[in-house]
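Protein chains: 2
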Amino acid sequence: MRLGDLGEFALIRRIARESVVAGAHVVKGIGDDCSVTTCRGNLLRLVTTDLLIERVHFLRDGVTPRQLGAKALAVNLSDIAAMGGVAGDAYVCLALPDDLTVEYVEEMYRGMKGTAAAFSVNVLGGDTTGSKADLVISVTVTGEVERAAVLYRSGARPGDRIYLSGPVGDSGAGLDALLTRRGGGEVDELVRRHLEPIPHLVQGRVIAASRLGHAMIDVSDGVAIDLSHICEESGVGAIVHEDTLPISPELAAYSRHFGLDPTSFALGGGEDYVLLLTGEDSLGSVAATAGVRLFEIGRIIEEPRMLLRRADGSASPLEPRGWDHFKKTDPLR
Amino acid sequence: MRLGDLGEFALIRRIARESVVAGAHVVKGIGDDCSVTTCRGNLLRLVTTDLLIERVHFLRDGVTPRQLGAKALAVNLSDIAAMGGVAGDAYVCLALPDDLTVEYVEEMYRGMKGTAAAFSVNVLGGDTTGSKADLVISVTVTGEVERAAVLYRSGARPGDRIYLSGPVGDSGAGLDALLTRRGGGEVDELVRRHLEPIPHLVQGRVIAASRLGHAMIDVSDGVAIDLSHICEESGVGAIVHEDTLPISPELAAYSRHFGLDPTSFALGGGEDYVLLLTGEDSLGSVAATAGVRLFEIGRIIEEPRMLLRRADGSASPLEPRGWDHFKKTDPLR
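Those protein sequence lines, which keep their order, are chains A and B.
Basically my numbering = 1-based index in the first sequence + 55.
Basically my numbering = 1-based index in the second sequence + 55.
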């Protein structure tokens, strides 16, 4: 069996999951945005780690080195945000192909340092080595969160409201514009949102401090898939109201311009790196008093299935799929 | 300037060093085997991270997947050992090319889990993704060490004895045998020592607990280079006595058999993953009572240069070079 065969990757992820060997201090070893271990007193320690591989996660001519460095750190910080945590230290490993220039590497580090400074993160050790083919960036970030404030994917309860901490679909539309080489007034901004995501660390802390949230994840795979993670881990279902999805003016304009469905981007486009969460009815207004706007998009239900309710009152199953799959199911495309 | 040009990698390492942004809790951000931050009470937190890239660090047909998985974890555990620390949790990221089989990945994890179990390390989260060309393994390991026991590269003092926690040169000779396709009675064992290094975590703890050590590093690049790191960071020099270098019977036989110089392997061969340390005169006997044998190989001197004293009493400069460079200076080869 070769990994290239369909479905093999799911098997590999199962093997990785089964390879977890956890000790008594481990609160969560796998299956959330970060691993969680006991730290000191009432604090928990968070660790998250990600690999970015050229030609799998990025094309070198589709992103500037500064954007690449910044994004490599930002996506890990987003995992800390998704637990309600405070980010601590970052460890960066680079495998650099021979044809890269010194200036390219300097720019990558500039991007990383800029993001680190913006979120008071320390960039500490790491490893720099050669690569025969692709550029590889591996970032590990640590963080901390109070035991009473940590938010897992598994905490959603029937009756919870479902919230987003920002608009969704922009990043997916930006990627779509890059891949289809579409231009236009709003395209630059969408592409920028795809290439320069901002981790919602401040929003995550406000939500955690409110003690009114029950479950949280960051939107990396898309609202539909990431909401399905919350539902699965919590043993619940969800109803999402299409007309409440936060669509940016740029995504609305792009969709209108090219005859596309903004809901597909909003539910299926990944890499928005906003927070998707569930919690009490009062969470939205409490967060607002702390300056964080939450968009309510639906409700958690007891029955373990996901539904999309349209503006006309009709409802259809909400499949946990990415934008690419939403697109493929549209017979007109 | 392209990275492939000679010397560019040194520049990159400088850029990486300058990119360190450290906060108040950071004891050591870069320049040692692990980064060191304050943890709780008298404990310090250690973090080390490494990238293993196919065709740079290993050839897929030169190592079994089980050995590869075990070694990827072992070399990081060796970094924890070099600080005198206790290993904690491991985070593993894999980028897997399409032509890999599921069985290969299972074997890699088996190797990793075996080493993890042997040293009571928890394998927690991580990331599994695809790769267009090379297999990439990224491992991050955390650890802890008492503030009074931690050993840095920078602690060596004039008059210190220099010790090794095991024989050196075996791994380099094993790699030499692999590259030259040499066979023979002792070759299998040398190759095994190259492919299956054992981190000296127990030895590191005994040395740290004795409070008689002053500086420590693990032998990854070779004794000559790693000793130069201790000398540079400590602002001292060293004299190494050639006839006291611990040479295994297998390395002696291999060198005799093929007319090679065992001292070159001992000083220049890397990846032995034993500990190289300096400390008090009594350290060797105190460690021995705890069951850890240390080999005394020389003395730290005030003058910042390294010397090799031969059995006949003559001395020559000890250059911080790897085995390959030692070899090249031999005009008969």
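Just so you know, even glycine gets a beta-carbon here, dropped at the ideal spot from N, CA and C.
Asked, Found
"Measuring straight from C-alpha to C-alpha, what distance separates G377(A) and G324(A)?", "6 Å"
"What is the DSSP secondary structure of P386(B), reduced to helix, strand or coil?", "In this predicted model, P386(B) has a pLDDT of only 36, less than 50, meaning its place in the structure is not dependable; the value taken from the coordinates is given anyway. Three-state DSSP puts P386(B) in coil, outside helix and strand."
"Compare the beta carbon distance of V75(B) and L106(A) with 9 Å and say whether it is the shorter of the two.", "no"
"Report the rounded CA-to-CA distance for I253(B) versus P252(A), giving the unit in angstroms.", "42 Å"
"Mark N177(B) as exposed unless 16 or more other C-beta atoms lie within 10 angstroms of its C-beta, in which case mark it buried.", "buried"
"Can you tell me which of the three DSSP states A172(B) falls into?", "helix"
"Near D385(B), which residues of its chain fall below 7 Å by C-beta distance, leaving aside the five closest residues on each side in sequence?", "Per-residue confidence for D385(B) stands at a pLDDT of 39, beneath the threshold of 50, marking its modelled position as unreliable; the derived number appears in the next sentence. Nothing meets the Cβ criterion."
"Less than 9 Å separating the beta-carbons of E288(B) and D87(B)?", "yes"
"Can you grab the Cα-Cα spacing for the pair S47(A) / S340(B), in whole Å?", "Outside the shown range of chain A, which is 56 to 388, sits residue 47(A), and nothing can be said about it."
"Along the segment 180 to 205 of chain A, what residues have a CB closer than 8 Å to any CB found in chain B?", "G180, G181, D182, T183, T184, G185, S186, K187, A188, D189, V191, S193, T195, T197"
"Can you list the residues of chain B that D273(A) reaches, using a CB-CB cut of under 8 Å?", "Simply none; closest approach about 14 Å."
"Measure the Cβ-Cβ separation of G185(B) and V194(A) and say whether it is below 9 Å.", "no"
"For the beta strand (DSSP E) containing G96(A), list its first residue and its last residue.", "That residue, G96(A), is in no beta strand (DSSP E); it is neither H nor E in DSSP."
"Go through its chain and collect everything with a Cβ distance to D281(B)'s Cβ below 6 Å, but skip five positions before and after it.", "I272, V274, L331"
"Looking at chain A, is there any beta carbon in it that lies within less than 9 Å of the beta carbon of Y328(B)?", "no"
"With burial defined as no fewer than 16 other Cβ atoms inside 10 Å of the residue's Cβ, what is the status of E73(B): buried or exposed?", "exposed"
"For Y164(B), return the contacting residues in chain A, with the cut-off set at a CB-CB distance below 9 Å.", "I70, A71, E73, S74"
"Determine the contact status of G346(A) and I262(A), defining contact as a CB-CB distance below 9 Å.", "no"
"Kindly provide the ranges of any beta strand (DSSP E) runs that are 3 or more residues long and lie completely inside the segment 150 to 213 of chain A, ordered along the chain.", "177 to 186, 191 to 201"
"Looking at chain A, is there any beta carbon in it that lies within less than 9 Å of the beta carbon of I67(B)?", "yes"
"What did DSSP end up calling E109(A) once you bin it into helix, strand or coil?", "strand"
"Residues of the segment 300 to 312 of chain B with a CB closer than 7 Å to any CB of chain A: list them in chain order, please.", "none"
"With distances taken from CA atoms, which of R165(A), V246(A), L132(A), L155(A) is nearest I70(B)?", "R165(A)"
"Using a Cβ-Cβ cut-off of less than 8 Å, give me the residues of the segment 355 to 378 of chain A that come near chain B, in sequence order.", "none"
"For T318(A), list the residues DSSP reports as bridge partners.", "According to DSSP, which records beta bridges pairwise, T318(A) is partnered with nothing at all."
"If you follow the alpha helix (DSSP H) that Y218(B) is in, where does it begin and where does it stop?", "Careful: Y218(B) lies outside any alpha helix (DSSP H), inside the beta strand (DSSP E) at 216 to 219."
"Taking the beta strand (DSSP E) that T119(B) belongs to, which residues open and close that run?", "Note, T119(B): premise wrong, no beta strand (DSSP E); not H, not E."
"Looking at the C-beta of N177(A), does it have a partner C-beta in chain B at a distance below 9 Å?", "yes"
"Determine, for I217(B), whether the minimum Cβ-Cβ distance to residues of chain A falls below 9 Å.", "no"
"Beta carbons nearer than 7 Å to chain A: which residues of the segment 142 to 158 of chain B have them?", "D144, Y146, C148, A150, L151, D153, D154, L155, T156, V157"
"Which residue's Cα is closest to the Cα of E358(B): G290(B), T156(B), S265(B)?", "G290(B)"
"Expressed to the nearest angstrom, what Euclidean distance is found between the alpha-carbon atoms of C286(B) and A211(B)?", "7 Å"
"Just grab the DSSP bridge partners of L234(A) for me.", "Looking at the DSSP assignment, L234(A) forms no beta bridge with any residue, so it has no partner."
"Would DSSP call E351(B) helix, strand or coil?", "strand"
"Considering only their Cβ atoms, is the gap separating N97(A) from R260(A) smaller than 9 Å?", "no"
"Mind checking if K168(A) is an interface residue toward chain B, Cβ cutoff 9 Å exclusive?", "yes"
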